[in-house]
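**Q** Quick note, our numbering runs 12 ahead of the 1-based positions in the sequence shown. Using N, Cα and C, we set each Cβ at its ideal position, and we do this for glycine too. A quick note: this is a predicted structure, and the numbers were derived from the prediction, not measured. Here it is, the structure in full.
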Amino acid sequence: DLIKGGNWPNAANIDPSSFVDALFQTHVFDTTGAELSINNGIDLSNKGGLVWLKSRSNAVDHELFDTERGVNKILYSNATTASTSSSLSLTSFNTNGFTLNNNLNANVNNRQSVAWTFRKQPKFFDVVTYTGTGSAQAISHSLNSTVGMIAVKRTDTTGNWAVYHRGANGGTDPEDYHAGFNLADEFANNAGYWNDTAPTTTQFTVGDDNNVNASSGTYVAYLFAHNNNDGGFGESEDQDIIKCGYYTGNTSTKPSIDLGFEPQWLMIKNASSANQDWQIVDNIRGLYNGTGVSGSGGVQDARLRPNQTNAEETTFGIIDITPTGFKIGPDNLDETNKNGDTIVYMAIRRGGMETPTTPSDVFAIDQGINQSSADTQVFDAGFPVDILFRTRPNTTYNNLWLTRLTGESRYLLSNSNAAEQSTAYGNRFDSNTGIISQTTFDWSQHYAWMWKRARGFCDVVTYSGTGSARTVSHNLDAVPEMMWIKMRSSTQNWAVYHKGANDGTDPEDYGLELNSSSAEFNTATYFNDTAPTSTVFTVGNGGAVNSSGETYVAFLFASISGLCKIGSYTGNSSSTQDIDCGFTNGAKMVILKQASHSEAWEIYDTTRGLVAGNDYRLRLNTDAAQATNSDFIDPLDSGFTAVADSNFDGRRYIFYAIANDPS
């Protein structure tokens, strides 16, 4: 059973298998043709699981490896081929991932590839091998939960894949139906596959068809759970991480599916019509929200087809993900939204379920490199980046804000009220460790501040305006203490909420503007005079936050003891003030603003220089070069020190600080 955690935030007292990050990963990589170890933090050698590989850049087979069949043994989701062996393929399952050699489609020199890794875990995923009998038999499994989907493949000879899905036939007697991973056909009624017998929490049944149960034939089965408020994952031990469901296609209303969580990975199949390919999308390769453009005119979702060899396609906006599920995007494809058809899916929850304890796991600052070739990483974070702030501090330059959720190359300016724009320099998020540039460029004068979404730390939400006060769901799983909201589709000022506004008294009645030095002001149009909660925030009827038909993005931040702090203080010009943030090794970054008076948003950090003396002071609301001729704050182990000469009497300051890693 799932090992429960406790006594958080002591990480030693909670089992990694409580979180989706330890059970599933999408990992993208560039190949050299040499041996390659993929370190994704998933323990395959002790726990077991499945590795699914595909070259993104080339039309070649999907390659599947599992710990039950062992290393070097390949299956292809797009083919009927039996399990084949190669000593130069996947050569080891490791405690933190796996190792590849060069006799693989996904590891030929100079290719872009992806690996999806599923770890065995009750209520998530299981791998089972068995021998056929020729007559109906029950096969034991260890999911210990509702079975959402099963994929069976004969391994000793050729044969079609056989897939069970609980949503087949609109969820009515789905055990009577089957489809094939390698086929584009609809789900068909045939008792020979599952013997018209529904799977249970401990076993599934196969009939007499050779694809699932030929006498003496050998088989492997991949089983995926369906959580229905019974997953038991997360710090609170009450979260779901995987759902297998269905919806009915409707090109007019475009279905919106409530999962109860934001997905990071989706497999989708039209179950009712023939010639409909399987689809896989994920948020690492590119699953973008609210471009408002169909076809090839915008930034589109990156999809692969399990039943085809096709290279990755980025020609359609298929899906928009939401904080609680997903909805059909701007493009209506028959594969994902044919009128009246049953569409089945498997969805896996986005990571970041656990509260971070080490700053560098979720925040990084890096100076860029002089890029010598296109499509290479130019900023290193050490983690998949969800929010990127990029600028060139030493000269007049715009302050660009980009997010994984809104798409590569699309940015907003904190020094402007302009609508979302696109950059020709192509800052891409499809990396597990930083930011890639698709255009050769000298980035050495550029700096990047990078955030990873995580419980209680930060979140990103996109939504569409209604013109009337409304709530917007989020996944911060904590009460937001600071929020930045920007209209993407047209010109509007940034709207800022900060818990320190009005000296902390009814801060939801007040607003600030990130692109302006203006002081705080009382307005109900921003947050409808309603405090945010751990699940929703409220927007009023103001154009900056909620104009009908316009699209928006919101950045949400909160404090975590010892890691980051959002707070306020009152200035005192006669003496320095030590601002205690609860840190042990000082602040890595401080964003500071006078809330009671008109003054710039200023950012300080240790990468450019936060010292006991003149600091490198950059202003978020202007495109001016950083100043280096004044001393505003000094280092302090517990946070930072406000220097007397720049600390005006009686004026209220708000701040956002992130700690250095403990020494």
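Would you mind stating whether residue 610 and residue 529 have Cβ atoms separated by less than 7 Å?
**A** The answer is yes: Cβ separation under 7 Å.
**Q** Would you identify the three-state DSSP class for residue 539, choosing helix, strand or coil?
**A** Helix at residue 539.
**Q** Kindly indicate the opening and closing residues of the beta strand (DSSP E) around residue 348.
**A** No beta strand (DSSP E) holds residue 348; the alpha helix (DSSP H) holding it covers 346–349.
**Q** Out of 241, 262, 260 and 263, which has the shortest C-alpha to C-alpha gap to residue 253?
**A** Nearest of 241, 262, 260 and 263 to residue 253, Cα basis: 241.
**Q** Decide yes or no for the touch test of the segment 397–406 against the segment 455–474: beta carbon pairs closer than 8 Å, at least 3 of them.
**A** A contact exists between the segment 397–406 and the segment 455–474.
**Q** Just to confirm, is the Cβ distance from residue 434 to residue 426 under 7 Å?
**A** Their beta carbons are not under 7 Å apart, which means residue 434 does not touch residue 426 by this criterion.
**Q** Given this structure, state the Cα-to-Cα distance separating residue 607 from residue 663, to the nearest angstrom.
**A** When rounded, the distance between both Cα atoms is 8 Å.
**Q** Considering residue 205, what are the terminal residues of the alpha helix (DSSP H) in which it resides?
**A** Element bounds for residue 205: 203–206.
**Q** For residue 613 versus residue 630, is the C-beta distance shorter than 7 Å?
**A** Contact: no.
**Q** Where does residue 558 fall in DSSP's three states?
**A** Three-state result, residue 558: helix.
**Q** Rounded to the nearest angstrom, what separates residue 671 and residue 160 at their Cα positions?
**A** Their Cα atoms are separated by approximately 42 Å.
**Q** Is the distance from the Cβ of residue 564 to the Cβ of residue 495 below 7 Å?
**A** It is not a contact, given that the beta carbons lie outside the stated cut-off.
**Q** I'd like the span of the beta strand (DSSP E) that includes residue 281, first residue to last.
**A** Counting along the chain, the beta strand (DSSP E) containing residue 281 begins and ends at 275–282.
**Q** Return the first residue and the last residue of the alpha helix (DSSP H) that residue 58 is part of.
**A** Start and end: 56–59.
**Q** State the DSSP-derived secondary structure class of residue 520, mapped to helix, strand or coil.
**A** Helix.
**Q** Please list, in chain order, all residues of the same chain as residue 85 whose beta carbon is under 6 Å from its beta carbon, the five residues on each side excluded.
**A** Cβ neighbours of residue 85 beyond the five flanking positions: 95 and 97.
**Q** Within the continuous beta strand (DSSP E) that includes residue 390, where are the two ends?
**A** It spans 388–392 - the beta strand (DSSP E) in which residue 390 sits, taken as one unbroken run.
**Q** Taking one C-beta from the segment 31–38 and one from the segment 244–253 each time, how about it: are there three or more such pairs within less than 8 Å?
**A** The segment 31–38, when compared against the segment 244–253, does touch it at the 8 Å Cβ threshold.
**Q** So what does DSSP say about residue 484, is it helix, strand or coil?
**A** Note: residue 484 maps to strand in three-state DSSP.
**Q** Quick check: is the beta carbon of residue 129 nearer than 7 Å to any beta carbon in chain B?
**A** Looking for chain B here will not work: only one protein chain is present.
**Q** Could you have a look at residue 384 and say whether DSSP puts it in helix, strand or coil?
**A** Residue 384: coil per DSSP, three-state reduction.
**Q** Find the nearest neighbour of residue 107 within the set 524, 220, 395 and 49, judged by alpha-carbon distance.
**A** The shortest C-alpha separation from residue 107 is found at 49.
**Q** Under the three-state reduction of DSSP, which class applies to residue 223: helix, strand or coil?
**A** In this structure, residue 223 counts as helix in the three-state DSSP scheme.
**Q** Using only CA atoms, which one of 623, 588 and 649 lies nearest to residue 594?
**A** Closest option to residue 594, Cα to Cα, is 649.
**Q** Is the segment 185–203 touching the segment 118–136 in the sense that three or more CB pairs, one from each, lie closer than 8 Å?
**A** Contact fails: fewer than three Cβ-Cβ distances are below 8 Å.
**Q** Relative to the C-alpha of residue 540, which candidate in 501, 580 and 483 has its C-alpha closest?
**A** For the residues 501, 580 and 483, the minimum Cα distance to residue 540 belongs to 483.
**Q** Any idea if residue 100 is buried or exposed, counting beta-carbon neighbours within 10 angstroms, 16 or more meaning buried?
**A** With fewer than 16 Cβ atoms within 10 Å of its Cβ, residue 100 is classed as exposed.
**Q** Does DSSP put residue 655 in a helix, in a strand, or in coil?
**A** Coil at residue 655, not helix or strand.
**Q** Entirely within the segment 165–252 and at least 4 residues each: give me those alpha helix (DSSP H) ranges in chain order.
**A** Those alpha helix (DSSP H) runs which fall completely within the segment 165–252 and span 4+ residues are 203–206 and 222–225.
**Q** Output the distance between the C-alpha atoms of residue 625 and residue 27, rounded to the nearest integer angstrom.
**A** Cα to Cα, residue 625 sits roughly 45 Å from residue 27.
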